[in-house]
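Q: For the record, the sequence lines run as chains A and B.
Under the working numbering, residues 20 to 118 are what the first sequence spells out, in order.
Under the working numbering, residues 16 to 261 are what the second sequence spells out, in order.
Backbone N, C-alpha and C fix where the C-beta goes; we use that ideal spot for every residue, glycine too.
I am attaching a structure below and will ask some questions about it afterwards.
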Amino acid sequence: MSDIYVIIIVSAVLNYMTRLGGHLVLSRFGTLNPRVEAALNAVPAAVITTLVAPTFFTHSWPETVALLIAGLAALRLPLLGMFAVGWVAVVGLRWIAGA
Amino acid sequence: MARDRYGGGSFENARESMSSSQFFAGARRSIPILISTAPFGLLYGAIAVDQGLTVWQACLMSLTIYAGASQLVGIDLFRNHAAPWIVILSIFIVNVRHVLYSAAIGRRIGHFPLAQQIVGFFFLIDPQFVETERQAEREGHVSFAWYMGLALPVYVMWNIESLLGAMFGKLIPHPESAGIDFLLPLYFFGMVMSFRRRPLWLPVVAVSGVVCVIALKTLGSPWHVSAGALAGVIYAAVFTRTEEKA
Numbered sequence: 020m021s022d023i024y025v026i027i028i029v030s031a032v033l034n035y036m037t038r039l040g041g042h043l044v045l046s047r048f049g050t051l052n053p054r055v056e057a058a059l060n061a062v063p064a065a066v067i068t069t070l071v072a073p074t075f076f077t078h079s080w081p082e083t084v085a086l087l088i089a090g091l092a093a094l095r096l097p098l099l100g101m102f103a104v105g106w107v108a109v110v111g112l113r114w115i116a117g118a
Numbered sequence: 016m017a018r019d020r021y022g023g024g025s026f027e028n029a030r031e032s033m034s035s036s037q038f039f040a041g042a043r044r045s046i047p048i049l050i051s052t053a054p055f056g057l058l059y060g061a062i063a064v065d066q067g068l069t070v071w072q073a074c075l076m077s078l079t080i081y082a083g084a085s086q087l088v089g090i091d092l093f094r095n096h097a098a099p100w101i102v103i104l105s106i107f108i109v110n111v112r113h114v115l116y117s118a119a120i121g122r123r124i125g126h127f128p129l130a131q132q133i134v135g136f137f138f139l140i141d142p143q144f145v146e147t148e149r150q151a152e153r154e155g156h157v158s159f160a161w162y163m164g165l166a167l168p169v170y171v172m173w174n175i176e177s178l179l180g181a182m183f184g185k186l187i188p189h190p191e192s193a194g195i196d197f198l199l200p201l202y203f204f205g206m207v208m209s210f211r212r213r214p215l216w217l218p219v220v221a222v223s224g225v226v227c228v229i230a231l232k233t234l235g236s237p238w239h240v241s242a243g244a245l246a247g248v249i250y251a252a253v254f255t256r257t258e259e260k261a
């Protein structure tokens with residue numbers, strides 16, 4: 020049905036506008052107020068946290084504990100090392116939880 | 016020092032090096048993204064066809080919308096035969112966070128020529144945003160070649176995975192086996208940790224996380240991302256120290 024094509028194309032255009040829009044609007048203002056600057060510097064932590072928080076708080080305990088272990092690993096290891104630690108942790112903890 | 020690419024070190028100081036080496040430096044940063052998103056690309060393709068989309072329609076979504084979470088939200092609503100405007104609105108709500116990415120990253124790639132900006136902003140998915148922010152912190156400069164070196168492998172693989180998932184979805188094991196479903200949250204958590212030296216990092220993470228979970232329990236799924244993100248950003252704007260400004 021052609022509705023699907025309309026939905027896909029309209030969503031794609033809207034999505035691209037969100038990716039372009041923030042910069043377009045902000046670049047109309049010359050220098051940035053320090054509060055705006057602080058807000059922009061907080062964007063990575065603020066937004067990416069919301070992509071992890073559901074896993075941290077609403078899954079079963081192996082995911083929560085594995086993220087805590089991975090968080091400690093991240094203090095010392097590069098990303099791929101932290102990745103490996105977290106992956107091994109969740110597989111092991113799920114095995115324990117299921118056993 | 017044209018030959019120091021054989022130096023083997025990861026410390027490349029030549030900021031204005033050839034754009035191909037910039038491209039490959041960006042591509043190297045895409046490796047963890049490729050690992051952590053691959054299962055979701057396959058899963059997306061499999062679910063899309065399972066919900067009644069054709070292989071071509073499933074691929075068209077990946078080619079044009081190119082946003083994993085909202086593609087899955089859209090598919091879910093197709094299944095429930097929601098009205099088209101509800102599907103579009105839901106996809107849009109999931110993607111509103113990109114406005115924040117766009118505003119923040121404009122400071123890093125706003126120096127691109129206009130045509131490169133028009134191309135570059137299309138690829139502004141979550142990992143593209145965070146890796147570009149990290150690159151700007153490391154090098155103080157983001158080149159178009161580096162940016163596309165990061166973006167293109169992820170885009171190409173996402174579309175190949177969508178196609179494979181759509182064609183061979185029945186063969187794909189359930190992602191909860193072997194902890195594969197955990198890889199994407201794990202990658203994002205690594206990204207959150209990598210910004211821990213920024214001012215206000217801990218309170219921003221705490222505020223975003225708590226508001227996100229409260230919104231998830233009360234308002235429900237598409238809203239929790241925008242609510243948590245806005246809470247953290249507003250917190251930073253309100254509680255930043257501005258007195259040192261003359």
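Is the CB of A/Val-84 under 8 Å away from at least one CB in chain B?
A: Output row for A/Val-84: interface = no.
Q: Just to confirm, are B/Gly-41 and B/Leu-217 a CB contact at a threshold of 8 Å?
A: Not a contact, by the Cβ cut-off of 8 Å.
Q: Could you say which of A/Ile-23, A/Val-62 and A/Trp-80 lies nearest to B/Val-64 if we only look at CA atoms?
A: Ranking the options by Cα distance to B/Val-64, first place goes to A/Ile-23.
Q: Decide yes or no for the touch test of the region 44-54 of chain A against the region 133-152 of chain B: beta carbon pairs closer than 8 Å, at least 3 of them.
A: Because the criterion of three Cβ pairs below 8 Å is not met, the region 44-54 of chain A and the region 133-152 of chain B do not touch.
Q: Determine the direct distance from the alpha carbon of A/Ser-21 to that of A/Leu-99, and round the result to whole angstroms.
A: So the two alpha carbons sit approximately 43 Å from each other.
Q: Just the C-alpha distance for A/Ala-57 and B/Thr-69, rounded to the nearest angstrom, thanks.
A: Roughly 45 Å separates the two Cα atoms.
Q: Could you spell out the range, first to last residue, of the alpha helix (DSSP H) harbouring B/Tyr-202?
A: Per DSSP, B/Tyr-202 belongs to the alpha helix (DSSP H) from 198-209.
Q: Should the region 106-119 of chain B be called in touch with the region 25-37 of chain A, which here means at least 3 C-beta pairs below 8 Å?
A: With a cut-off of 8 Å, the region 25-37 of chain A and the region 106-119 of chain B count as touching, because enough Cβ pairs lie within range.
Q: Assuming B/Leu-201 contacts A/Trp-106 (C-beta within less than 8 Å), just tell me the rounded distance between them.
A: Indeed, because the Cβ distance is near 7 Å, the residues count as touching under 8 Å.
Q: List the residues of chain B whose Cβ lies closer than 7 Å to the Cβ of A/Phe-76, in chain order.
A: Simply Val-228.
Q: Let me make sure I understand the geometry here. Which of B/Leu-58, B/Ser-117, B/Trp-71 and B/Tyr-116 has the alpha-carbon closest to that of B/Val-88?
A: Of the candidates B/Leu-58, B/Ser-117, B/Trp-71 and B/Tyr-116, the one whose C-alpha sits nearest the C-alpha of B/Val-88 is B/Leu-58.
Q: Using alpha carbons as the reference points, say which of A/Val-71, A/Pro-73, A/Thr-83 and A/Ala-64 lies closest to A/Ala-116.
A: Here the closest residue by C-alpha is A/Thr-83.
Q: For B/Ser-25, I'd like the list of residues in its chain whose CB is within less than 8 Å of its CB, leaving aside the five on either flank, ordered along the chain.
A: Residue confidence for B/Ser-25 is low, a pLDDT of 41 falling below 50, so the modelled location carries little weight; the figure read from the coordinates is stated next. Within the same chain, B/Ser-25 has no close Cβ partners at all.
Q: Taking 8 Å as the CB-CB cut-off, is A/Arg-113 touching chain B?
A: A/Arg-113 counts as touching chain B.
Q: Output, in chain order, the set of chain B residues within a Cβ distance shorter than 8 Å of A/Gly-117.
A: Going along chain B, no residue has its Cβ under 8 Å from A/Gly-117, so there is no contact; the nearest lies around 11 Å.
Q: So which of B/Phe-204, B/Gly-67 and B/Phe-127 has the shortest CA-CA distance to B/Arg-94?
A: Selected option, being the one with the closest Cα: B/Gly-67.
Q: So, under 8 Å CB-CB, B/Phe-38 and B/Trp-161 are touching, yes? Tell me the CB distance rounded to an integer number of Å.
A: Their Cβ separation, rounded to whole angstroms, is 7 Å, which keeps B/Phe-38 and B/Trp-161 in contact under 8 Å.
Q: Starting from the Cα of A/Gly-41, find the closest Cα among A/Val-109, A/His-78, A/Leu-91 and A/Leu-59 and give me that residue.
A: The candidate whose alpha carbon is nearest that of A/Gly-41 is A/Leu-59.
Q: Starting from A/Pro-53, follow the alpha helix (DSSP H) in both directions and report where the run begins and ends.
A: A/Pro-53 -> alpha helix (DSSP H) spans 53-60.
Q: Determine which residues of the region 145-159 of chain B have a Cβ less than 9 Å from any Cβ of chain A, and write them out in chain order.
A: Those residues of the region 145-159 of chain B that come within reach of chain A (Cβ to Cβ, closer than 9 Å) are Val-145, Glu-148 and Arg-149.
Q: Run through DSSP, which three-state label would B/Gly-235 get?
A: Coil, per DSSP.
Q: Starting from B/Arg-149, trace the alpha helix (DSSP H) in both directions and tell me its first and last residue.
A: Segment 141-154, the alpha helix (DSSP H) holding B/Arg-149.
Q: Report yes if the CB atom of B/Val-226 is closer than 8 Å to the CB atom of B/Ala-252, and no otherwise.
A: The answer is no: Cβ separation not under 8 Å.
Q: Would you check if the region 114-124 of chain B and the region 70-88 of chain B touch, i.e. whether three or more CB-CB distances between them fall below 8 Å?
A: Touching, no, given that fewer than three Cβ pairs across the two stretches are closer than 8 Å.
Q: B/Tyr-250 to B/Ile-101, Cα distance in whole Å?
A: About 31 Å.
Q: A/Phe-102 touches chain B at which residues, Cβ-Cβ below 9 Å?
A: The answer, in chain order, is Pro-47, Ile-50, Ser-51, Leu-198, Leu-201, Tyr-202 and Gly-205.
Q: Tell whether a beta-carbon distance below 8 Å holds between A/Ala-81 and A/Arg-113.
A: Contrary to the premise, residue 81 of chain A reads as Pro rather than Ala in this sequence. Yes; because the gap between Cβ atoms is below 8 Å, this pair is in contact.
Q: Would you mind telling me which residues of chain A sit closer than 8 Å to B/Ala-119, beta carbon to beta carbon, in chain order?
A: Result: Gly-41, Leu-59, Asn-60, Val-62 and Pro-63.
Q: On the three-state DSSP scale, how would you describe B/Gln-132?
A: Helix.
Q: How would you call B/Ile-133, buried or exposed, if buried means at least 16 neighbouring beta carbons within 10 angstroms?
A: With fewer than 16 other Cβ atoms within 10 Å, it is exposed.
Q: From A/Val-71 to A/Leu-87, what distance separates their C-alpha atoms?
A: Using only the alpha carbons, I get a separation of about 12 Å.
Q: Tell whether a beta-carbon distance below 8 Å holds between B/Pro-237 and B/Ser-51.
A: In this structure, B/Ser-51 does not lie closer than 8 Å to B/Pro-237 by Cβ.
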